[in-house]
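Report on one structure; see the data block that follows.
Residue numbers (our numbering): 2 to 127.
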């Protein structure tokens, strides 16, 4: 079961935007237990799917930004649009968590790089 909180994905973090979340996604120990532990084949498959997912999101980044920008112009009073000026930049930061010397890099990760990113995210949650 997966729950996507689009409000959180776009801009707002839980707790009235205190930004106390350290990991880019939540993976509870109950979910790990359902996958028979961190060393199981199920968990390794999960890691692979997560890495593929971040690559897919990165490939569709421009379409996502266009949709958010259209929503921002029409629905300015939604809570997820609290910090209108920073929404697109912060979304880009979440989708492309590596910084180039000349600014943000918006080239999708390679599979190995995405897998390492997912592993770092999972380690944040221990």
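We put the CB at the ideal spot given by N, CA and C, even for glycine.
All values reported here derive from a predicted model rather than from experimental measurement.
Just the C-alpha distance for residue i and residue j, rounded to the nearest angstrom, thanks.
i           : j           : result
residue 102 : residue 93  : Reliability of the predicted coordinates at residue 102 is poor, the pLDDT of 42 falling under 50, and no value is obtained from them.
residue 100 : residue 41  : Reliability of the predicted coordinates at residue 100 is poor, the pLDDT of 45 falling under 50, and the value obtained from them is presented with this limitation in mind. Roughly 33 Å between the two C-alpha positions.
residue 118 : residue 110 : 9 Å
residue 123 : residue 74  : 35 Å
residue 38  : residue 120 : 15 Å
residue 61  : residue 34  : 32 Å
residue 19  : residue 78  : Only weak support is given to the placement of residue 19: the predicted model assigns it a pLDDT of 48, under 50, and the question is left unresolved by the model.
residue 82  : residue 90  : 13 Å
residue 36  : residue 98  : 27 Å
Could you say which of the options lies nearest to residue i if we only look at CA atoms?
i           : options     : result
residue 48  : 91, 28, 88  : 28
residue 112 : 45, 52, 38  : 52
residue 70  : 98, 107, 87 : 87
With C-beta atoms as the reference, is residue i less than 8 Å away from residue j?
i          : j           : result
residue 65 : residue 115 : no
residue 96 : residue 58  : yes
Note the first and the last residue of the continuous alpha helix (DSSP H) segment covering residue i.
i          : result
residue 94 : 88 to 96
residue 54 : 42 to 60
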